[in-house]
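So the protein lines, in turn, are chains A and B.
Counting in the numbering used here, the first sequence runs from 1 upward without gaps.
Counting in the numbering used here, the second sequence runs from 1001 upward without gaps.
Virtual Cβ for every residue (Gly too), placed ideally from N, Cα, C.
Model, not experiment: these values are computed from the prediction.
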Amino acid sequence: MAFSEHRLIFKNIDAPGYTRDIACYQKHGGYEILKKGLAMGGPAIREEVKKSQLRGRGGAGFPTGTKWSFIDPAKTTKPIYLICNADESEPGTFKDRQIIYKDPHQLIEGMILSCFANGVKLAYLYIRCEFTEGWKILEKALAEAKAAGFLGKNILQSGYDLEIHVHRGAGAYICGEETGLIESLEGKRAYPRIKPPYFPAVLGLYMCPTIVNNVETLCNVKHIVEMGGDAYAKIGRPNNTGTRLLCVSGDVVKPGYYEFPCGAITLGQLIFNVCGGIRNGRRLKAVIPGGSSAKVLRAGEVYKIKEKDSQGNLVDREVKLEDLRMDFDSLAAAGSMAGSGGVIVMDDTRDMVECLANISTFYAHESCGQCTPCREGVLWLKKILSRVAEGHGRDEDPALLKDVADRIAGRTICAFGEAAAWPVQSFLGKFKEEFQLRIRRNGAAAKRDTISLTH
Amino acid sequence: MSNCISIPMNPWNHDVAKDEKDLVDVQIDGVWLQMPRGLNVVEAAHRAKKFIPHYCYHPKLSVVGNCRMCLFEMGTPKMGPDRKPILGADGKPEIAWMPRPQIGCATGITPGMGIRTDSPLVKDCRNGVMEFLLINHPLDCTICDQAGECKLQEFSVEYGTGESRFVENKVKKPKNVDLGERIVLDDERCILCSRCVRFSSEVTKDNVLGFVNRGSYSTLTAYPGKRFDNDYSLNTVDICPVGALTSKDFRFQMRVWFLKESKSICTSCGTGCNVTIGSREGKVHRLTPRENEAVNSAWMCDYGRLNFHYLEDKERLQNPLTKAAGEHFPAPWGDALNRAAEGLRKVQPSEIAVVASARMTNEELFVLKRWMDELGVTLVDTVNRPEQGDQFLRSADGNPNTRGAELLGLSHGGRKLSTWGGEIAAGRMKALLVLGGEDVVAAGIPAACLAQLEILIASAILPNATTRVAHVILPGAGFAEKSGSMVNVHGRLQRFSRSIAPPGQAREEWMILRDLREIVTGGNSLHSIEDIWKSMATVIPVFAGLSWGKIGDQGVDLTHSLPAEATAK
Ligand SMILES: Cc1cc2nc3c(=O)[nH]c(=O)nc-3n(C[C@H](O)[C@H](O)[C@H](O)COP(=O)(O)O)c2cc1C
Ligand code: SF4
Ligand code: SF4
Ligand code: SF4
Ligand code: FES
Chain A
1 MAFSEHRLIF KNIDAPGYTR DIACYQKHGG YEILKKGLAM GGPAIREEVK
51 KSQLRGRGGA GFPTGTKWSF IDPAKTTKPI YLICNADESE PGTFKDRQII
101 YKDPHQLIEG MILSCFANGV KLAYLYIRCE FTEGWKILEK ALAEAKAAGF
151 LGKNILQSGY DLEIHVHRGA GAYICGEETG LIESLEGKRA YPRIKPPYFP
201 AVLGLYMCPT IVNNVETLCN VKHIVEMGGD AYAKIGRPNN TGTRLLCVSG
251 DVVKPGYYEF PCGAITLGQL IFNVCGGIRN GRRLKAVIPG GSSAKVLRAG
301 EVYKIKEKDS QGNLVDREVK LEDLRMDFDS LAAAGSMAGS GGVIVMDDTR
351 DMVECLANIS TFYAHESCGQ CTPCREGVLW LKKILSRVAE GHGRDEDPAL
401 LKDVADRIAG RTICAFGEAA AWPVQSFLGK FKEEFQLRIR RNGAAAKRDT
451 ISLTH
Chain B
1001 MSNCISIPMN PWNHDVAKDE KDLVDVQIDG VWLQMPRGLN VVEAAHRAKK
1051 FIPHYCYHPK LSVVGNCRMC LFEMGTPKMG PDRKPILGAD GKPEIAWMPR
1101 PQIGCATGIT PGMGIRTDSP LVKDCRNGVM EFLLINHPLD CTICDQAGEC
1151 KLQEFSVEYG TGESRFVENK VKKPKNVDLG ERIVLDDERC ILCSRCVRFS
1201 SEVTKDNVLG FVNRGSYSTL TAYPGKRFDN DYSLNTVDIC PVGALTSKDF
1251 RFQMRVWFLK ESKSICTSCG TGCNVTIGSR EGKVHRLTPR ENEAVNSAWM
1301 CDYGRLNFHY LEDKERLQNP LTKAAGEHFP APWGDALNRA AEGLRKVQPS
1351 EIAVVASARM TNEELFVLKR WMDELGVTLV DTVNRPEQGD QFLRSADGNP
1401 NTRGAELLGL SHGGRKLSTW GGEIAAGRMK ALLVLGGEDV VAAGIPAACL
1451 AQLEILIASA ILPNATTRVA HVILPGAGFA EKSGSMVNVH GRLQRFSRSI
1501 APPGQAREEW MILRDLREIV TGGNSLHSIE DIWKSMATVI PVFAGLSWGK
1551 IGDQGVDLTH SLPAEATAK
C-alpha cells in the first residue's frame, strides 16, 4: 500500500524549479488569496478560521479560531499585535524552517491575512537566531512583498496598512514559549509571564492584546481562506482537521519531513511504510511522537482509547502503538501528544538511560531559571541521570527521579516544567527495568560511594 | 493636604484592597468568610489568620510568581445547568477543586472561591519548593548574618523535611561580591526571588540589578560597570528573604536574635520614617524601616538608616562640664545646673535669648516653653537645616521637628537668630541658652562675639564650636536614648521610645530643662513623658484630646487641626 502525501503547506516545497522569490511564488498563484481575503473582510476570515477547526501547530494544539476570538478588533482601543512564532527549537522539529527557507512568501501571505482578519497593523516575526540564512531570506521576502504592494501602506488599495518586522532571538529554547517570546521581543530576558494575569490576548506585547501563532498555523490560514473553512475541515478528522507536517528523525531508513492529513496515517504506517522502517534491520523500541517534550511510547504498548463507533456511541477501543492515528486526540489518548510534530524513533540498540540523560541535559541547559521547581529540579534530574548513565547509579535513584519530576510538573510558571518532567516520568515508567539493570550492573561502583565529580 | 502622603515611587500596595467594602464570600480551609474582592489569596489568607508562606511576593512590588512557595489548592463554585452555582446543604456554593495548584500571590479572590492552605497537595508543593531551594544552597547559616531572620531557615523548619536527598555537587557561584557602596552580595545564598531587582526597577528606578546566565546557574549581578549605590539601596537588604544581600555596616557585627527591638522614628530629616531600633547592651546596631503607609511605606533612606553611629562617638559628652579659668571641668549635675541658674539670675529676662532646636522633641520644647513663659523670656528661635531632599522620602527640611517647634511658638525660621550677633555685640543680649546640640557659631554668631556673653549654657551630645566657649555644658541624649514625640513635615505627630540609656551622666533633655526650671523658678515636677502630655494636651489646642498612648505606633495626622501658617510651610 502506498502512502502518498497530501501536500498542502509543502505543495511547492522541493518541487523542481520552485524558488523562494516572489516572482516564482506569484507564478504559482501567490498573493491571489490575499486579494480574496481583503475582499472578504476581517470578520469573514475569522469566521472561516473558526469553521475550519484549525488547531495550533506550535505544540499545544489550541484552536486558532478560539484564540482569535478572545480579541475583538472592533472593540479594542489598544493596538493589536500579531507575532509569528518562528523560534522552532523543540528538539526533533524541523518543519517551520522548510517553509521559511523554501517558501517564505506562503508564510508572509498567511501572516498578512491573519493580521488583516484581526485588525493588526504591526506584526513581528520572531525567528530563532540559529536560522541565520532564514532571517536573511525573510528580510528579502518582506522587502519584495512590500515593493509589490502587499505590505506597507494601503495594501492593494484596500486602505489596510501593515508592517511586519523580523526579530531574531539570541539562542534560547524558552524564547519559543509565547510569553517568554513577548518579553524577549520587548528587549528583556525571556522570562515567561504568569498567566493569569498576563494572557497574551489581554496583556501581551507592550501590555496590548497579542496573537501568537506558529509558522505552520499561519500558513494554514492562507489555505483556509482559499478553500473555505468547511472544505478545510473535511481534510483530516473531526477536531483534528487539516494536514500535519511531521518531522521524523532517529533510527528510520528515510528520516525527513512529510505532510499528511491529520490522522490519515498511523504511527506504524509512518515509521514502516513512509519512512521505510527501522534502520539496519533493527526492531522498534520506542518513539517520541511530538517533540522531545512529549511522553515516550514503547513498542508493544496497547492503549485503551475512547472512540465514537458508527452509531456515534463512545466505546473503548484497544489500540496498538503501530495503530495509533497521527493526530492530536489519538496521541493525547495514548498519554502523549502530537506536540510540534517531531517524531523521534529509537531502535533496540538505544540505551534508554542515555537517551533520557541526553534529553534532560537539554532541558537543564534551557530552563530559564525563573521559577524554583524548574530551575533547581531540572538540573538535579540531569545530574542524577548523568551519574546513573556514568555508572554511579544508586538503587534509590529511579524513585528519586520520579519524585523530583512529579514535583516540577504542574507547579511552574510555564509549560517548560512539564516539557522537562514528562520525558523523565515516561521513560522511568516505561523502561524501569532498564534503569534498574543499569544501576545493578554498576552496583559495585556505587557501593564504593564515589559520586562522580564530573557533573 | 491629604491625610496620607503619597509615595510616588511605590508602585503597588497589594495588601490594600481596591474597595474594602466590596466583599465576596470565600471559603478558606473550610470556613466561609467575607473578604474584599480582588485581594490576592496570600493577603486574604493572612486576614483570615492563615499564613501562606512566600518568598518572591512583596506587597509593595509587582507580582512575578517565581518562587512557587505560595501554591495553594483552588476551587471554583460548581455550576448547574442553569449556569448558577449549585448550593450545598449550608446554602453556600459547592466547590469544584482544581487538580493543579495555583499561586496565591497572583490569584485574586472571586465570589465562591475555595482556598485550601493546608491540604496534602499544598504541603507537598511547599516541601518540594523547600527541597529545591536548599539543594544548591550553601547552608552556611553559622556565618550568615540573616540567620535568625531568614525565611529559608524559618520555612525549612515549618515546611521542610529536615534531610536532603541531594548527593550531587552544588552549583558554584560568586561570593563576597561588592555590589555597591553599602552592600555585599553572596550569589550562592541568593534564591533568585528578584525582590531586589524589582525594587531597583520599580521603586528607585535606577534599574541596576539583573540576572545573568540560565537555569540553576542564574546569577544576580549589577549592570556591567554600574554599582548598586542608590540612596535607598539598603532596603534590599531588608526585603531579601535570605542572607544574599548584607549591609556592610551591619554584617558580622551582631546576631539578630540578641537584638532588642524598639519602635522609633528616624530623626535625620523632616519625614520621620518609622523605624525599629535593634540594640544590644546599650549599643545601637541597626535601624530598619517599620511599615507606615502614611509616612514611609516599607522603606527608609540609607543616610537615615546609617546615621546613628555618632551615638557611640568617643567624643560624646558624658558629664556636665563647667568652665573655670578658660577650661572645662566635669561637675555634678547639681553644680552645673546651679552655675547655670546663677548666671541667668544675674541678668534681666529681656537680656536672655534661647536657641531651641527643631531636633528637640515636643516634650522638651514644651518644658522649655513653659519655663520661658514663667521667666518672661521671649527671645527664641531655631536653626534652619535646609537640605537637598529628593522626590521620594528625603525631606528638604533636615530638622525632624520643625512643625513641632512652630506649633509651640519656639521657631521663627531662624529669622530672629540672624540678628542676635549684633544684639550680643551691642551688649543688649547677655545670656544665651543653646539647646539640642545646636551650634550658633556655625549658624553665624562668631565665637568671639559669644565670648562677650555673661553666661552661655549649651546642651549637646557632641562638642561643637558653641560648647567650646560655653560656661556650662549639659550632656543630652540622642534619639535612641530618649522618648518623645515630633511632628513631621506633613503634619503627622509621631512618637518614639527610648532604646538604650545615654552614656555616663548624660540625660534626656526634658529632664535637664525640668531641673533647671525647678532651680530657677521653682514649680511642680514632671515625672514622665505621660505627665508632660497631660499638660500639653490642655495647653496646646492642636494636642487637645491626645495623650502619649493615643499617638500609638503609627502616629496621628494633625493636618486638620494645625494652624494655617504652620500648615502652609
Ligand atoms: C518551552 C516552550 C517552548 C515552545 N517553543 C515553541 C516554538 O519553538 N515554536 C512554536 O511555535 N511554539 C512554541 N511553543 C508554544 C508557544 O508557547 C505557543 O503556544 C505557540 O506558539 C502558539 O501557536 P499556535 O497556537 O499556532 O500553536 C513553546 C512552548 C513552550 C512551553
Ligand atoms: S518553568 Fe522553567 S522555563 Fe518556565 S518560567 Fe519556570 S524556570 Fe523558566
Ligand atoms: S539577592 Fe535576595 S532579594 Fe535579590 S534575588 Fe537574591 S534572594 Fe532575592
Ligand atoms: S528619609 Fe528622612 S526620615 Fe526617612 S530615613 Fe531618610 S533621613 Fe530618615
Ligand atoms: S510568593 Fe513566590 S510565587 Fe507566590
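DSSP beta-bridge partners of residue i
i	result
residue 1289 of chain B	B:1275
residue 240 of chain A	A:237
residue 168 of chain A	A:127
residue 1557 of chain B	B:1492
Alpha carbon of residue i to alpha carbon of residue j, nearest angstrom
i	j	result
residue 160 of chain A	residue 123 of chain A	13 Å
residue 305 of chain A	residue 403 of chain A	28 Å
residue 381 of chain A	residue 405 of chain A	8 Å
residue 1161 of chain B	residue 1130 of chain B	9 Å
residue 1071 of chain B	residue 1108 of chain B	13 Å
residue 260 of chain A	residue 345 of chain A	18 Å
residue 1558 of chain B	residue 1429 of chain B	36 Å
residue 1364 of chain B	residue 1343 of chain B	22 Å
residue 449 of chain A	residue 1168 of chain B	For residue 449 of chain A, the predicted structure reports a pLDDT of 42, less than 50, and the residue's modelled location is therefore unreliable. The matter cannot be settled from this model.
residue 1191 of chain B	residue 1399 of chain B	40 Å
residue 1299 of chain B	residue 1488 of chain B	16 Å
residue 134 of chain A	residue 1204 of chain B	42 Å
residue 51 of chain A	residue 45 of chain A	10 Å
residue 1490 of chain B	residue 1200 of chain B	26 Å
residue 1014 of chain B	residue 1536 of chain B	39 Å
residue 451 of chain A	residue 1245 of chain B	Reliability fails at residue 451 of chain A, whose pLDDT of 41 lies under 50, so the model's placement of it is uncertain and the value that follows must be treated cautiously. Roughly 33 Å between the two C-alpha positions.
residue 1573 of chain B	residue 1367 of chain B	In the structure as shown, chain B starts at 1001 and stops at 1569, and residue 1573 of chain B therefore has no counterpart that could be examined.
residue 1322 of chain B	residue 1531 of chain B	31 Å
residue 1263 of chain B	residue 1424 of chain B	42 Å
Heavy atom of ligand 1 within 8 Å of residue i beta-carbon
i	result
residue 1010 of chain B	no
residue 89 of chain A	yes
residue 186 of chain A	no
residue 62 of chain A	yes
residue 378 of chain A	no
residue 217 of chain A	yes
residue 212 of chain A	yes
residue 59 of chain A	yes
Residue i: CB within 8 Å of a non-hydrogen atom of ligand 4
i	result
residue 1273 of chain B	yes
residue 1393 of chain B	yes
residue 1086 of chain B	no
Chain B within 9 Å of residue i, Cβ atoms only
i	result
residue 440 of chain A	no
residue 206 of chain A	no
residue 287 of chain A	no
residue 371 of chain A	yes
residue 456 of chain A	Nothing in the structure corresponds to residue 456 of chain A, since chain A is present only between 1 and 455.
residue 179 of chain A	no
residue 3 of chain A	no
Proximity test, residue i beta-carbon vs ligand 5 heavy atom, cut-off 8 Å
i	result
residue 271 of chain A	no
Interface flag, residue i vs chain A, CB-CB below 9 Å
i	result
residue 1168 of chain B	yes
residue 1233 of chain B	no
residue 1070 of chain B	no
residue 1264 of chain B	no
residue 1207 of chain B	no
residue 1217 of chain B	yes
Could you please go through the chain and list the residues whose beta-carbon is closer than 7 Å to any non-hydrogen atom of ligand 3? B:1185, B:1190, B:1191, B:1192, B:1193, B:1194, B:1195, B:1196, B:1197, B:1220, B:1236, B:1239, B:1240, B:1241, B:1242, B:1244 and B:1245
Taking 6 Å as the limit, tell me which residues put their C-beta closer than that to any heavy atom of ligand 2, in chain order. A:174, A:192, A:367, A:368, A:369, A:370, A:371, A:374, A:375, A:412, A:413, A:414, A:416 and A:417
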